[in-house]
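Trainee:
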Amino acid sequence: MVGAKKMPQYKKLYEILRKHITSGLYPEGSLLPSENELCALHGLTRPTVRHALDQLVKDSYIIKQQGKGSIVSKLPKDIGILSIHGSTSAIGKEHLKTLIIEKPAIKAWDTPFMFELTDIERESGCICFERLRLVNEIPVFYDITHIPNINMPRFASRNFKNKSLFEILRTGYQIEIIGGEQRLKAIPADKRISKHLQVKEGHPILHVERKMKTNRQGFYIYSTLYFNSENHSVCGTF
0 MVGAKKMPQY
10 KKLYEILRKH
20 ITSGLYPEGS
30 LLPSENELCA
40 LHGLTRPTVR
50 HALDQLVKDS
60 YIIKQQGKGS
70 IVSKLPKDIG
80 ILSIHGSTSA
90 IGKEHLKTLI
100 IEKPAIKAWD
110 TPFMFELTDI
120 ERESGCICFE
130 RLRLVNEIPV
140 FYDITHIPNI
150 NMPRFASRNF
160 KNKSLFEILR
170 TGYQIEIIGG
180 EQRLKAIPAD
190 KRISKHLQVK
200 EGHPILHVER
210 KMKTNRQGFY
220 IYSTLYFNSE
230 NHSVCGTF
């Protein structure tokens, strides 16, 4: 496993600043420390600090203004299931709770599967787990995730309760979501979905199938989402 100690220096700083922004330590409109201050505080070179700040700009966490510095942007308040940055970043940890319905387990892929798989993916099997995400204590979406069991040591033993999957992938395995494809349709809630989302059977639910491309060549993450959009809209770029 590629651990946090092998993470590039700019990514370490990015993760620190990103955590401080999403936790509210630096609220919307506030200024991050200057480049000189960040260099001195973290013992980094100016190009490394600028690389981290440029990544925060790219991911819409900050904007840069000439003569002012790095200003924290307004974070989206809708549900970021369509975003490559994930739900935790969009909603904030203080509002989002993650419950584990089925713990991660190594298994064979379902047949048929929602997307076409390569021979290597089929032969290696997948790590599958199911989560229920609650916003302000109300269940909003039910998520089934399939990850290829390829060079993912000890992944199935990790604790995902109230944790961000994307953050674990970034910091623990140096895997980042860089894009992908998704299919959306409205379906009536069946008995299983209605139980998890606490709605009546037949209630309209947004069904999303996603194939997410990562920075690891040929490595994709697959998820099926069942989303109750009655009181929430979805947002994000993909």
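Residue numbers (the working numbering): 0 to 237. By construction, the Cβ of each residue, glycine as well, lies at the ideal position given by its N, Cα and C atoms.
Since I believe GLU27 is in contact with VAL71 (beta carbons under 8 angstroms), could you give me their beta-carbon distance rounded to a whole number of angstroms?
Mentor: Yes, they are in contact, since the Cβ atoms of VAL71 and GLU27 sit about 6 angstroms apart, within 8 angstroms.
Trainee: Taking the DSSP output, what are the residues bridged to HIS206?
Mentor: Beta-bridge pairing links HIS206 to LYS184 and TYR225.
Trainee: How big is the Cα-Cα spacing for ALA185 and HIS202?
Mentor: Straight-line Cα distance between these residues: approximately 10 angstroms.
Trainee: Measuring only the C-alpha atoms, how far is LYS106 from ASN230?
Mentor: The alpha-carbon atoms of LYS106 and ASN230 are separated by roughly 35 angstroms.
Trainee: Count the other C-beta atoms from every protein chain shown that fall within 10 angstroms of the C-beta of LYS246, then say buried if there are 16 or more, exposed otherwise.
Mentor: The displayed coordinates of the chain run from 0 to 237. Any statement about residue 246 would go beyond what the structure contains.
Trainee: Applying the criterion that 16 or more other CB atoms from any shown protein chain within 10 Å of the CB defines a buried residue, is PRO103 buried or exposed?
Mentor: Result: buried.
Trainee: Have a look at the DSSP bridge pairing and note the partners of ASP142.
Mentor: DSSP output for ASP142 lists ARG130 and LEU224 as bridge partner(s).
Trainee: Where does GLY171 sit, in a helix, a strand or coil, going by DSSP?
Mentor: Three-state result, GLY171: helix.
Trainee: In the DSSP assignment, find the unbroken alpha helix (DSSP H) run with GLN8 in it and report its ends.
Mentor: 8 to 21 is the extent of the alpha helix (DSSP H) around GLN8.
Trainee: Give me the residue from ILE220, LYS5 and SER29 with the minimum Cα distance to PHE114.
Mentor: Looking at the Cα atoms, ILE220 is the closest of the given residues.
Trainee: Write down every uninterrupted run of the beta strand (DSSP E) in the stretch 20 to 71 whose length is 3 residues or greater and which is fully enclosed by it, in chain order.
Mentor: Runs found: 61 to 64 and 68 to 71.
Trainee: Compute the beta-carbon to beta-carbon distance between LYS96 and GLU129, rounded to the nearest angstrom, for a pair I have assumed lies under 8 angstroms.
Mentor: Between GLU129 and LYS96 the Cβ distance is about 15 angstroms, and since that is not below 8 angstroms, they are no contact.
Trainee: Report the rounded CA-to-CA distance for ILE176 versus LEU43, giving the unit in angstroms.
Mentor: Going from the Cα of ILE176 to the Cα of LEU43 covers about 26 angstroms.
Trainee: Going by alpha carbons, who is nearest to ASP118 out of TYR9, ARG49, CYS127 and PRO147?
Mentor: It is PRO147 whose Cα lies nearest to the Cα of ASP118.
Trainee: Quick check: what's the CA-CA separation for ALA39 versus SER33?
Mentor: When rounded, the distance between both Cα atoms is 10 angstroms.
Trainee: In chain order, what residues of the same chain lie with their CB nearer than 7 angstroms to the CB of SER123, ignoring the 5 residues before and after it?
Mentor: The residues are PRO147, ASN148 and ILE149.
Trainee: Counting only the same chain and skipping the five closest in sequence on each side, list residues whose C-beta sits under 6 angstroms from that of GLU208.
Mentor: The answer, listed in chain order, is MET113, ARG182 and THR223.
Trainee: Identify, in the order they occur along the chain, each residue of the same chain with its Cβ nearer than 6 angstroms to the Cβ of HIS19, setting aside the five sequence neighbours on each side.
Mentor: Closer than 6 angstroms at the Cβ level, and outside the excluded window around HIS19, lie TYR25.
Trainee: Express the C-alpha separation of LYS5 and LYS63 in angstroms, rounding to a whole number.
Mentor: Cα to Cα, the separation comes out at about 29 angstroms.
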